[in-house]
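Novice: Sharing a structure with you now.
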C-alpha cells in the first residue's frame with residue numbers, strides 16, 4: 513500500500529495509491545484522486561513499512577473507465593534507491 517500527496521491551498525492532500533510498475537526513472541500508479549496539473553507530488557510506502565516521502569513530477573494523468581486515475585510519475589531527484597529496492601523485493605506480492 514502506498515500514498516501520493518500534494519500541496520493544495522497550503523494543505524497536504526493525500527490519496528491512496530496502488531503501484532503498478534516501478535523503474536529507475538519513475539513509476540506508474542493508480543490513485544483515487546487526481547492531483548492538480550503542474551504540481552509536484554510526493555509518494556511513499558505505507559505498508560509493509562512506512563518510507564520517507566520523495567518527490568516526483570506527474571508526466572501523464574488519465575482517468576480510467578471505472579474509477580481511478582492512472583499517473584505516470586518521473587522521479588525529481590533521481591531514483592530513490594531504498595524505495596525501489598523495497599518495491600522490487602515485494603514484486604511477487606504486488607497485484
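In our numbering, the protein residues as written are 513 to 607. Quick reminder that beta carbons are idealized off the backbone N, C-alpha and C, glycines included. If you're wondering where the values come from, they're calculated on a predicted model, not measured in any experiment.
With a threshold of 8 angstroms, are at least 3 pairs of Cβ atoms found where one atom belongs to the stretch 570-580 and the other to the stretch 554-562?
Specialist: no
Novice: What does a CB cutoff of less than 6 angstroms around residue 566 pick up in its chain, not counting 5 residues either side in sequence?
Specialist: 592
Novice: Pick out whichever of 546, 563, 561 has its Cα sitting closest to the Cα of residue 583.
Specialist: 546
Novice: Which of the three DSSP states, helix, strand or coil, is assigned to residue 522?
Specialist: coil
Novice: Using the Cα positions of residue 519 and residue 543, report the straight-line distance between them to the nearest angstrom.
Specialist: When only Cα atoms are considered, residue 519 and residue 543 end up about 16 angstroms apart.
Novice: Assign residue 541 to buried or exposed, taking buried as 16 or more other Cβ atoms, counted over all protein chains shown, within 10 Å of its Cβ.
Specialist: So residue 541 ends up on the buried side.
Novice: Fully enclosed by the stretch 523-550, which alpha helix (DSSP H) runs are 4 residues long or longer?
Specialist: Those alpha helix (DSSP H) runs which fall completely within the stretch 523-550 and span 4+ residues do not exist here.
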